[in-house]
Amino acid sequence: MKLLKIIIFYLFFSFLIFHSTGLASNLGRQHTISGKTMGTFYTIKFISTQKESPAVWKNKVDVRLKEVNKKLSMYDPESELSRFNRQKISIPVHISSDFYTLLLTAKELYQMTDGAWDGTVKPLVDLWGFGTKKRTNQIPEPDKITLAVSKTGFNHIHIKKPQMIDKTTDVTLDLGSIAKGYGVDAIATLFTSSGIQDLLVEIGGELYASGKNKKGEYWSV
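If you're matching positions, the sequence shown starts at -11 in my numbering and goes up one per residue.
Written out as structure tokens, the structure reads:
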């Protein structure tokens, strides 16, 4: 009988530990912050027990997103990406960790899709009027399309360690299709590295979800 009481006690104690652990992430308050970035909007929902106000977190988010945008924007002529697009061939340049990480992802996508996804399609994107150049509302001539295609190919970009890059032909990058996703990951890391695990990050339709909302349910999108 004594052994049975001991077993019941430990089972009850284990039950309390399990449920208190499961609810711990929802003991904090849920906050929502939003703003503009990368030509679109962002919204972040998170639960925190920390004393820092949502305004402090918004400032951190804005600073981090400005860093990412300054490096990866196609529309900023002084961004790291834009400077690389103007870089002469066969001259290695040192790049930031953000640019380096995104290029590794771009290379992986290029290889996984056998070139169907190509981060060097900027000449074609511009030619058809969807890039940084002014749209003409005219169908490009075949010879111009052929010329633009000849200036593509991610295999012409060589990514080297530590954080070095060069190109063997005059290719130019357009990483717009994955830059927002990288921004989402960067912001998610900003929060999780500070101990905040329950959050939902959205930038222009790109999402990251972790943990649960204030109701203890999985995030709904």
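Even for Gly, the Cβ is constructed at its ideal location relative to N, Cα and C. Computed from a prediction, not measured in an experiment: that's the story for all the values here.
Please work out which residues of its chain come closer than 8 Å, Cβ to Cβ, to residue i, disregarding the five sequence neighbours upstream and downstream, and give them in chain order.
i, result
"G119", "M62, K110, V113, D162"
"V178", "The displayed chain sequence assigns Leu, not Val, to residue 178. Around L178: K48, V49, R52."
"T93", "I166, Y170"
"T89", "Y170"
"I175", "Y30, I32, V49, R52, L53, V189, I191, Y196"
"K59", "S67, E68, L69, S84, D86, F87"
"K132", "L115"
"K202", "N14, R17, Q18, I35"
"G117", "R123, T124, N125"
"S182", "Q38"
"P128", "L115, W116, A136"
"T180", "L187, S198"
With a threshold of 7 Å, establish whether the CB of residue i neighbours any heavy atom of the ligand ZN.
i, result
"K168", "Among the components modelled here there is no ligand, and therefore nothing to report on the ligand ZN."
Give the single residue among the options whose Cα lies nearest to the Cα of residue i.
i, options, result
"Y30", "Y206, L188, S84", "L188"
"T134", "I145, K148, L115, Y196", "L115"
"F87", "K148, Q185, Q18", "K148"
"G164", "L91, F34, H19", "L91"
"I79", "K58, H144, E66", "H144"
"V137", "A104, S41, I21", "A104"
"K121", "F72, P130, D64, A43", "D64"
"Q75", "E40, S198, T157", "T157"
"F72", "S181, I153, E55, K95", "I153"
Who are the Cβ neighbours of residue i in its own chain at under 6 Å, not counting the five residues just before and after it?
i, result
"S2", "Unreliable positioning characterises S2 in this predicted model, as indicated by a pLDDT of 39, which lies under 50. The coordinate reading is nonetheless provided below. Correct list: empty, nothing qualifies."
"F142", "Y98, D106, G107, T108"
"E194", "K168, G169, V172"
"V192", "Residue identity check: residue 192 is Gly in the sequence provided, not Val. Within the same chain, G192 has close Cβ partners T28, K168."
"S208", "none"
"K46", "I21"
"E55", "none"
"N42", "At residue 42 the sequence reads Pro, which differs from the Asn that was named. Result list for P42: H19, I21, in chain order."
In chain order, what residues of the same chain have a beta carbon less than 7 Å from the beta carbon of residue i, not counting five sequence neighbours either side?
i, result
"Y206", "K200"
"V159", "T108, K139, T140, G141, H144, I145"
"G82", "The sequence given here has His at residue 82, not Gly. Excluding positions up to five away in sequence, the list reads Q151, M152."
"K290", "Nothing in the structure corresponds to residue 290, since the chain is present only between -11 and 209."
"V44", "none"
Short check: CB of residue i to CB of residue j, under 8 Å?
i, j, result
"S85", "Q151", "yes"
"K139", "I77", "no"
"R17", "I32", "no"
With 8 Å as the threshold, decide whether the Cβ of residue i is near any Cβ in chain D.
i, result
"V51", "Among the chains in the structure shown there is no chain D, since it carries only a single protein chain."
Touch test, the stretch 15 to 33 against the stretch 166 to 174, Cβ-Cβ under 8 Å, three pairs minimum: yes
Complete beta strand (DSSP E) runs within the stretch 168 to 194 (minimum length 3 residues, chain order): 187 to 191
Complete runs of the beta strand (DSSP E) confined to the stretch 50 to 91 [at least 3 residues]: none
Secondary structure, alpha helix (DSSP H): runs of 4+ residues fully inside the stretch 88 to 137: 110 to 115
Complete runs of the beta strand (DSSP E) confined to the stretch 136 to 165 [at least 3 residues]: 145 to 148, 152 to 155
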